[in-house]
Structures are given as C-alpha cells and as structure tokens.
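For reference, the structure discussed in these notes is given below.
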Amino acid sequence: MAVLALQEARAWAAAAAVPDPEVPCVTVADLGILRWVRLQDGLAVAGVSPTYSGCPAVLAIELAIEAALRDAGFEPRIERLLSPPWTTDWITAEGREKLRAYGIAPPVAGAGKASLFQAADVACPRCGSGDTERLSEFGSTACKAQYRCCACREPFDYFKCI
Amino acid sequence: MAVFEAVLELADDHLVLGHRISEWCGHAPMLEEDLAMPNMALDLIGSARTLYAHAGALEGQGRGEDELAYLRGEREYRNCLLVERPNEDFAHTMLRSLYFAAFMRPYWLAVLAQSSDEVLRGVAGKAEKEMAYHIRHAGEWVVRLGDGTEESGARMRAAVEALHLYTEELFESSDAAAAAEAAGLLPERAQMRAPWQAMIAEIFEQALLAVPQGGPVLRGGRQGLHGEGLGHMLAEMQVLHRAHPGARW
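So the protein lines, in turn, are chains A and B. In our numbering, each residue's number is its place in the first sequence (first place is 1) plus 8. In our numbering, each residue's number is its place in the second sequence (first place is 1) plus 642.
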C-alpha cells in the first residue's frame with residue numbers, strides 16, 4: 009500500500025511538472041487542468057480537464073502529460089474529464105502568482121458574469137495600478153484578453169475568469 | 643436511434659454556426675474582431691466535436707466525428723436554418739450569434755439541471771459559460787450598430803428583417819428531439835421561449851430595435867430541407883476529407 013502511494017506520488021509529480029504549451033510559466037497542476045493521477049491495472053491514468061470546449065491546446069497537453077509519464081517509467085492513459093467543468097477558480101495560489109510574475113494578470117473572481125459593456129477591473133501585473141483598460145476581449149488564446157495599463161502604459165494579457 | 647438523431651441535430655447546429663463564424667477569420671473589419679471570431683468559432687466546433695463523438699457512440703455503427711461531419715450530404719444535415727444563414731455583414735453575423743446563444747444558454751442550463759445523460763451534462767457545463775460571453779459579445783455589437791449611425795442602424799434593422807423568421811424553428815422539437823425530451827435526456831425546446839424573448843427584448847431596447855411581432859416563419863432544417871448556402875458551405879468544408887479519405891496530420 010505504501011509502495012503504491014509512493015509510486016502514485018511519483019507519477020503525479022512527473023505529470024504535474026508539465027508546462028502549459030501556451031502559457032509555459034505555469035504547469036498543468038498550477039492551472040488545475042491535471043485533476044489526479046491514479047495507478048490502476050498497471051497503467052498511470054491521468055484525469056485531465058479541458059479549459060475551453062475548443063481549446064486547441066487540449067491535445068498538446070494530453071500528449072505532453074503522456075510523454076512525461078512515459079519518461080518516468082509509467083505506461084500512461086489519459087482520461088478526459090468534462091464534468092465538473094474546469095474553472096479558473098482551480099488555478100492555485102502559486103499558479104496565480106506565477107502568472108502575475110510572468111506579466112499575465114490572473115483572473116478576477118466573478119468577472120465572467122459581467123453584463124453588456126462591462127469589463128473586469130484588472131490590476132496591472134507590472135506596476136499594480138488599477139487604472140487599466142480593456143483593448144480586446146479576445147487575445148492570442150481562448151483564455152486571455154488584452155489590456156493596457158494607463159499608469160505605466162504597458163500592454164498586458166489578462167487571464168479571463170470562467 | 644431517436645436519441646442519436648436528437649444529439650446529431652445539436653451537433654450540426656454547432657458545427658454549421660462554428661464554420662460560418664470561422665469564415666470571418668482574416669476578413670473581420672478590425673484586428674480585435676479577427677481574434678474574437680475564431681475564438682468563438684472554436685467554442686462551437688469544440689462542443690460539436692464532443693456531441694458528434696457522443697452521437698456516434700449512441701448510434702453504435704462505428705461512425706465517429708469525422709464520418710458524421712465530413713461524409714454526410716446537405717440533405718442529411720439536421721441543423722436549424724438560422725445557423726446556416728450566410729454571414730452577409732457584421733449586423734447579420736452578430737444578430738445570428740445573439741439569437742443562437744440566447745437560446746443555447748438557457749438550454750444548456752436546463753440540460754445541466756435535468757438531463758440524465760452524463761456526456762450532455764459535461765458539454766453543457768462548459769458551453770453555458772461560453773454562451774454567456776457569446777451573448778455579451780454579440781449583444782454589444784447589436785446595441786452598437788442598432789444605436790449607431792444612420793447606416794449601421796439601417797443595416798441592423800435589415801438583419802432583423804432577414805433573420806427573425808428563422809428563430810421560431812429554435813423552439814420546435816423534431817420527432818427525434820421530442821422522444822429524447824420525453825426520455826429525460828434533453829429539455830423541451832419550447833421552454834426556452836420565455837428566457838430567449840426576455841433576453842432579446844432587453845438587448846433590442848438598448849439597440850433601439852423593434853422586436854418583430856407575428857410575420858412569416860421559415861423552417862425545415864430538422865428534416866434536411868436547407869437553403870442553397872449550406873451545400874456550398876459543406877462543399878468547402880468537406881472537400882479535403884472527401885479527396886483524401888482518412889487524412890491525418
């Protein structure tokens with residue numbers, strides 16, 4: 009039992025260290041995309057929760073987790089988990105801080121519910137000022153919006169709340 | 643079989659609208675919208691993929707998402723007519739998205755609350771959140787154009803005139819859908835009328851648009867009776883797969 013737990017922890021550590029292909033400053037564990045890793049029937053089964061319905065990174069993430077598990081000596085299998093749906097609430101405190109340090113403003117809780125013509129109040133990840141404006145609700149990936157800081161004048165990405 | 647067809651109808655709605663919106667990629671009037679359109683097309687196509695895979699599993703004939711999307715002709719597509727309407731201008735495109743998303747958001751919420759099908763609930767959990775920002779994005783454009791210049795207002799009113807007669811079909815359940823609804827897998831489409839009307843009325847009021855009352859209705863998509871444009875769209879969408887069956891990259 010202890011050996012199994014140790015092996016499972018080792019499999020988790022291998023999978024959890026995989027960086028997100030589009031936001032490489034955070035790992036799949038930081039983002040809460042990797043839900044669990046279980047050893048069953050000789051396989052290391054990883055539960056992976058996709059971010060958006062059509063996120064093109066989903067397959068890349070699954071392949072990277074498989075490769076990481078294989079490198080660690082496990083025979084991998086991916087289980088795609090639709091329910092419960094991934095939410096930005098699952099991003100860990102450490103993950104939020106890594107995003108900020110990388111220059112991406114972390115999600116503002118409850119901001120996904122805004123009605124027409126309301127943009128989330130986002131603090132600049134560089135200078136911390138709240139005096140920011142949204143340039144585009146959609147950015148380089150499904151999960152990000154483009155903002156500009158009116159204090160330090162830097163443009164930045166905002167990781168949208170969903 | 644009825645459940646397969648009911649899920650296929652939903653999948654076709656999402657793929658056809660997703661493909662239509664993707665036609666704006668590289669052609670949108672400004673960079674922000676050129677980013678927005680493929681983003682939202684991907685949401686719809688992503689939902690369609692899971693729905694096709696589920697439909698294929700329910701059918702049990704070995705057909706997967708590729709066979710269902712690429713190897714059915716126009717008469718076998720079961721999408722409602724609204725989603726296949728051509729993009730025309732931004733007024734038409736945004737109104738079409740608003741009409742669809744304002745229906746699908748309460749629909750997916752009802753699937754989450756009522757459906758006995760785990761996969762459909764999984765799709766619904768993600769899609770209802772995505773539909774919320776599709777409504778916001780399209781709704782903002784409808785207001786911006788409706789309450790904009792003389793030209794944009796006229797175009798918005800023309801879009802309402804052209805598209806409103808396709809909305810009634812959203813609330814109608816085919817025989818297949820009615821069977822799936824009776825079995826507790828899907829919510830009754832007619833239930834979405836009240837929340838849809840409330841959402842459209844609220845946005846139209848801000849957009850200085852009148853909600854059409856009565857008037858003609860066009861339907862037939864659920865029976866495979868489509869407008870001319872769908873065949874052209876499918877020809878472009880399917881040509882690669884049909885020329886190179888089973889192509890992978």
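Heads up, the beta-carbon is just placed ideally off N, CA and C, and yes, glycines get one too. Being a predicted model, the structure only gives us computed values, none of them experimental.
Among the CB atoms of chain A, none fall inside 7 Å of the CB of S815(B).
At the C-beta level, F742(B) and L659(B) come within 7 Å of one another. If you draw a 10 Å sphere on the C-beta of R747(B), you find 16 or more other C-beta atoms in it, and that means buried. According to DSSP, L47(A) shares a beta bridge with A52(A). Beta-bridge pairing by DSSP links L42(A) to V56(A). Rounded to whole angstroms, F846(B) and L740(B) show a C-alpha spacing of 11 Å.
As summarised for the segment 779-859 of chain B, the continuous alpha helix (DSSP H) elements at least 4 residues long and confined to that stretch are 792-805, 817-824, 835-848, given in chain order. A check of alpha carbon separations from E145(A) across R134(A), S137(A), G138(A), L124(A) identifies L124(A) as the nearest. The Cβ atoms of C33(A) and A150(A) lie no closer than 7 Å to each other. Beta-bridge partners assigned by DSSP to C157(A): T140(A).
Using beta-carbon distances, R778(B) counts as an interface residue toward chain A, with a partner under 7 Å.
Within 7 Å of the CB of S689(B), the CB atoms of chain A belong to S61, in sequence order along the chain. Just so you know, the alpha carbons of S137(A) and A159(A) end up roughly 6 Å apart.
Annotated three-state conformation of R884(B) is helix, per DSSP.
Among the CB atoms of chain A, one or more fall inside 7 Å of the CB of A678(B).
F146(A): not part of any alpha helix (DSSP H); DSSP gives it neither H nor E. Linking A52(A) to G147(A) through their CA atoms gives a straight-line distance of about 35 Å.
Apart from sequence neighbours up to five positions away, the residues of its chain that approach L807(B) with a beta-carbon distance below 7 Å are G857, P858, V859, L860, ordered along the chain.
Chain B places a beta carbon closer than 7 Å to that of F146(A), counting this residue as a contact. Around the CB of C667(B), fewer than 16 other CB atoms lie within 10 Å, so the residue is classed as exposed. A straight-line Cα-Cα distance of about 39 Å links L751(B) and F82(A). In the same chain as A818(B), and ignoring 5 residues on each side of it, the C-beta atoms closer than 6 Å to its own belong to A644, E647, A648, in chain order. By the neighbour-count definition (other C-beta atoms within 10 Å, threshold 16), L12(A) is an exposed residue.
Secondary structure note for Y166(A): its beta strand (DSSP E) is the uninterrupted segment 163-167.
In terms of beta-carbon proximity, N681(B) lines the interface with chain A, with at least one pair separated by less than 7 Å. Leaving aside the five residues that flank A76(A) on each side, the residues in its chain whose CB is nearer than 6 Å to its CB run, in chain order, A22, A23, V26. The C-beta of D97(A) has fewer than 16 other C-beta atoms within 10 Å across all chains shown, which makes the residue exposed.
From the listed residues A801(B), G790(B), R884(B), the smallest Cα separation to T735(B) is found for A801(B). Under the three-state reduction of DSSP output, I170(A) falls in the coil class, being neither helix nor strand.
Secondary structure note for P84(A): it is in no alpha helix (DSSP H), and the uninterrupted beta strand (DSSP E) holding it is 84-88. In the DSSP assignment, W891(B) falls outside any alpha helix (DSSP H), carrying neither H nor E. Under the three-state reduction of DSSP output, I99(A) falls in the coil class, being neither helix nor strand. Residue R864(B) holds the alpha-carbon nearest to the alpha-carbon of V725(B) among R864(B), P887(B), E770(B), L828(B). Assigned with DSSP and collapsed to three states, P32(A) falls in coil, not helix or strand.
Taken in chain order, the whole alpha helix (DSSP H) runs of length 4 or more contained in the segment 701-732 of chain B are 707-712, 723-726.
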